[in-house]
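Scroll down for the structure; my scribbles are underneath it.
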Amino acid sequence: MTLVRKFLGARAGEEGAVALAFAYFFMLMCSYYLLRPLRDAMAIEAGLENLPWLYVGTFAVTLVLSPGFAALVARVRKTLLLPLTHGFFAANLLVFYLLFKLVPDARLLAAAFFIWVSAFNMFVVSVFWSFMADVFRDEEAKRLFGPIAAGGGTGAILGPLLMQYLTPRIGVDAVVGLSMLFLLGTLPCIRGLSRWAERRHGRFLLDPQARIGGGVLTGLLLVARSPYLMGITAVILISSTAAAFMYNEHLRFVEAGYPDLGSRGQFLGRIEFAVSLTSWLFQGVVVGWLIRRFDVRGALVAVPIAALASFLALAAAPVLLVLAAGQVLRRAGEYGIAKPSREVLFTVVDAETKYKAKNFIDTVLQRAGDLVGVWLFAVLHAAGVGLVGHAWICAALMIPATAIALRLGRAFERRQDGTSPPATGPIPGHMKGGGHEALRRPKAAAHATRGSGVACRLRRPAAHGRSEPILRAIPRTGEQLPVLGLGTWQVLDVPAAGSEFEAALATTRSFLAAGGRVIDSSPMYGRSEERIGDILSRIQPATRPFLATKVWTSGREAGQRQLASSHRFLRAETIDLVQVHNLQDLGTQLDTIRAAQDAGKVRYVGVTHYLASAHTELERVLRREKPDFLQVNYSLLEPEAGARLLPAARELSIAVLINRPFTKGAMIERAAGEALPAVAAELGCRSAAQLFIKWVLGDPAVTVVLAATRNPRHAAENLEAATGLVPHAGQRRAIAEWFSRL
Numbered sequence: 070m071t072l073v074r075k076f077l078g079a080r081a082g083e084e085g086a087v088a089l090a091f092a093y094f095f096m097l098m099c100s101y102y103l104l105r106p107l108r109d110a111m112a113i114e115a116g117l118e119n120l121p122w123l124y125v126g127t128f129a130v131t132l133v134l135s136p137g138f139a140a141l142v143a144r145v146r147k148t149l150l151l152p153l154t155h156g157f158f159a160a161n162l163l164v165f166y167l168l169f170k171l172v173p174d175a176r177l178l179a180a181a182f183f184i185w186v187s188a189f190n191m192f193v194v195s196v197f198w199s200f201m202a203d204v205f206r207d208e209e210a211k212r213l214f215g216p217i218a219a220g221g222g223t224g225a226i227l228g229p230l231l232m233q234y235l236t237p238r239i240g241v242d243a244v245v246g247l248s249m250l251f252l253l254g255t256l257p258c259i260r261g262l263s264r265w266a267e268r269r270h271g272r273f274l275l276d277p278q279a280r281i282g283g284g285v286l287t288g289l290l291l292v293a294r295s296p297y298l299m300g301i302t303a304v305i306l307i308s309s310t311a312a313a314f315m316y317n318e319h320l321r322f323v324e325a326g327y328p329d330l331g332s333r334g335q336f337l338g339r340i341e342f343a344v345s346l347t348s349w350l351f352q353g354v355v356v357g358w359l360i361r362r363f364d365v366r367g368a369l370v371a372v373p374i375a376a377l378a379s380f381l382a383l384a385a386a387p388v389l390l391v392l393a394a395g396q397v398l399r400r401a402g403e404y405g406i407a408k409p410s411r412e413v414l415f416t417v418v419d420a421e422t423k424y425k426a427k428n429f430i431d432t433v434l435q436r437a438g439d440l441v442g443v444w445l446f447a448v449l450h451a452a453g454v455g456l457v458g459h460a461w462i463c464a465a466l467m468i469p470a471t472a473i474a475l476r477l478g479r480a481f482e483r484r485q486d487g488t489s490p491p492a493t494g495p496i497p498g499h500m501k502g503g504g505h506e507a508l509r510r511p512k513a514a515a516h517a518t519r520g521s522g523v524a525c526r527l528r529r530p531a532a533h534g535r536s537e538p539i540l541r542a543i544p545r546t547g548e549q550l551p552v553l554g555l556g557t558w559q560v561l562d563v564p565a566a567g568s569e570f571e572a573a574l575a576t577t578r579s580f581l582a583a584g585g586r587v588i589d590s591s592p593m594y595g596r597s598e599e600r601i602g603d604i605l606s607r608i609q610p611a612t613r614p615f616l617a618t619k620v621w622t623s624g625r626e627a628g629q630r631q632l633a634s635s636h637r638f639l640r641a642e643t644i645d646l647v648q649v650h651n652l653q654d655l656g657t658q659l660d661t662i663r664a665a666q667d668a669g670k671v672r673y674v675g676v677t678h679y680l681a682s683a684h685t686e687l688e689r690v691l692r693r694e695k696p697d698f699l700q701v702n703y704s705l706l707e708p709e710a711g712a713r714l715l716p717a718a719r720e721l722s723i724a725v726l727i728n729r730p731f732t733k734g735a736m737i738e739r740a741a742g743e744a745l746p747a748v749a750a751e752l753g754c755r756s757a758a759q760l761f762i763k764w765v766l767g768d769p770a771v772t773v774v775l776a777a778t779r780n781p782r783h784a785a786e787n788l789e790a791a792t793g794l795v796p797h798a799g800q801r802r803a804i805a806e807w808f809s810r811l
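Residue 369 in our numbering sits at position 300 of the sequence shown; the count goes up by one each step and never skips.
Dropping the structure here:
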């Protein structure tokens, strides 16, 4: 098992999930690569002069399927989404199997098959990586996506070999039928991975309420509004355009050298085998090393740099050997390095972005790049531009692709940290040198408190010049808490020793030293509870932290065992707050927590949910059960809780913890490089992150905002937002209006 972990980069408890993901991608790629050489041979069969129109047909089919898929995503829970998608394409393959038996030599069928396979590949691979980004967190993704991608690489090696061996023996129709069987073989893997994610991370893949929602155009709108997604789109469009140029040149050589469908398919199968073997090596060895050594940005820029070198070599030596070698290198680099690295970028976005925006990028926009490339090639070829000219054009395209990839890597790191870069606007004069004195005068503070109606206490600056945190009372007891807490999902799920642990230790130490107290965790956050216990034992903070965790399981005994484990991991005889996570087995687990409260082992009881669709049920629970705490998402991008849920909590004297004040970094990325509004100076904010925290604190129902970061400096910076003034209604509107213009 140790050797398996070392080979896969897996840690304890991850081996089964990695094996399932490997098998899933293996069967998916084997299914596709049985078809791909046939698809390319069909393109020649349909006539290369018609290739631009085949791309038009592919783009048109993608445009039809994409909104249909978006509608499916909006209405179907995630546990059914993938089986329905794969079942639909398997049914299509059954139709092609029957057609190839009945009319094997039809030119129209060849064109239809080319178009269908091109669309099929885009959708199933995009959905696979969306699912992987849901199952694995960003830290796991950086370690495991390379080995998982190697599963696809293995399937991509076996598929062409099977195609070469079986086509002369059993015919094209039987190969298509075999592809369908491989596709159906992915379904048990999907089920197993869903169950693993539920047990390990508390992902609601099996929750009947876990529908993503939204409209059919949501993917387009999400891409248009996000510089982060636009950057991903730009890299894919540039790569697709260059790939379309070389694909045309490649097929022209094949048409001239091989006379019939069978010989062309076998030669193209050999090329696919070379690409797949190289991709497998890249996925299994190179991409993991690149990410470990240079982080995600290093892997993202490696492929356009290598492609630039290959295009320059082709321009210098425009011969078949250099063209073929460059094709193998570039395509293997795309599948083996660029694709897994880009998929990591989607681990720091929400479910709607993973399944809708990502699918829109991977299908419609990628096929748009193909379409642009193939028609541009046709125009330039007709104008007399040859292989050398095309190589120079592609080389020029790689320069902006490299620059954009580098920026994407930096943007991912900011989202992963949940922090923002310094604003481009000038720092207000009263903030230079770190002071906020102009905003901390008692009269100004008192005025702000009255104006906003916030039940909080603002303290005078400490003698050493640092302001103490804003405090808000837990309504039921009057106990005061600093208004900024530390979220630990992904942040403290680290090994018990090594660089990751030391970084987590430094972050927690910085948070506590800056006046923070509330630390939120869950058994579903991996090793976070254990690390909290380890770190607090090592730090021995002067002020006792306020520890919050959750129960998320079914059954009385299971809940009692989970709560006992939390006490043991946190090294705490008494836990300040225990909440029923996402209303799982609500009545039973509330009884369990309240029994522990009566025994003095728990101080406060709460409930949580991360879905806006659960707010109506949450409000009913608040009114019926009257817990001490509520924990929900709330931000400028997720404002739904402010409509009814937060007013209900305030009415019922229930304290509120807020998750995701930056919407997993999406808001910070949107504000990157933008000048801060004038209201930032009024509130003493020097970054967008601080401004977003202030906006949340402006709601009088909010007790504590939980901000997650791995960076000690950012933890301290976030806590600065929990000092000074609280925005009144007009200032909150100003922040919202500024953000809406970004």
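All C-beta atoms, glycine included, are put in the ideal place defined by N, C-alpha and C.
Proximal residues to residue i (C-beta, below 6 Å), its chain only, five neighbours per side dropped
i	result
residue 311	463, 466
residue 153	none
residue 30	Nothing about residue 30 can be read from this structure; the chain reaches only from 70 to 811.
residue 380	460, 463, 464
residue 409	214, 215, 218, 356
C-alpha distance - residue i paired with residue j, whole-angstrom precision
i	j	result
residue 564	residue 570	6 Å
residue 811	residue 479	19 Å
residue 468	residue 461	12 Å
residue 725	residue 222	47 Å
residue 367	residue 483	15 Å
residue 418	residue 541	31 Å
residue 204	residue 386	46 Å
residue 167	residue 245	9 Å
residue 679	residue 111	48 Å
residue 580	residue 789	11 Å
residue 639	residue 290	43 Å
residue 233	residue 105	12 Å
residue 262	residue 425	21 Å
residue 179	residue 126	13 Å
residue 710	residue 636	31 Å
residue 455	residue 746	53 Å
residue 757	residue 187	42 Å
residue 743	residue 568	33 Å
Beta-carbon proximity check, residue i vs residue j, cutoff 9 Å
i	j	result
residue 673	residue 654	no
residue 587	residue 614	yes
residue 390	residue 371	no
residue 616	residue 775	no
residue 356	residue 470	no
residue 644	residue 676	no
residue 768	residue 691	no
residue 719	residue 770	yes
residue 63	residue 249	The chain is shown from 70 up to 811; residue 63 falls before or after that span and cannot be answered.
residue 224	residue 101	yes
residue 473	residue 307	yes
residue 651	residue 627	no
residue 739	residue 124	no
residue 812	residue 315	Residue 812 is absent from the structure shown; the chain starts at 70 and stops at 811.
residue 392	residue 318	yes
Cβ shell of residue i (< 8 Å), same chain only, five flanking positions each side left out
i	result
residue 397	340, 343, 344, 347
residue 597	557, 558, 560, 561, 562, 590, 591
residue 573	560, 561, 563, 600, 604, 779
residue 252	96, 97, 100, 155, 158, 159, 162, 193
residue 301	411, 414, 430, 477
Sequence-distant residues of the same chain with beta carbon closer than 7 Å to residue i, five excluded per side
i	result
residue 191	131, 431, 432, 435, 436
residue 121	443, 444, 447
residue 227	99
residue 663	674
residue 427	195, 199, 415
residue 761	704, 705, 730, 731, 736
Counting pairs of Cβ atoms below 8 Å between the region 251-265 and the region 82-96, do you hit three or more?
yes
Tell me the start and end of each unbroken beta strand (DSSP E) in the region 583-668 that is at least 3 residues and wholly inside, in chain order.
587-589, 615-620, 644-649
Would you check if there are 3 or more beta carbon pairs closer than 8 Å linking the region 722-739 to the region 702-712?
yes
Enumerate, from N- to C-terminal direction, the unbroken alpha helix (DSSP H) stretches of 4 or more residues contained entirely within the region 734-790.
735-740, 747-752, 757-766, 781-789
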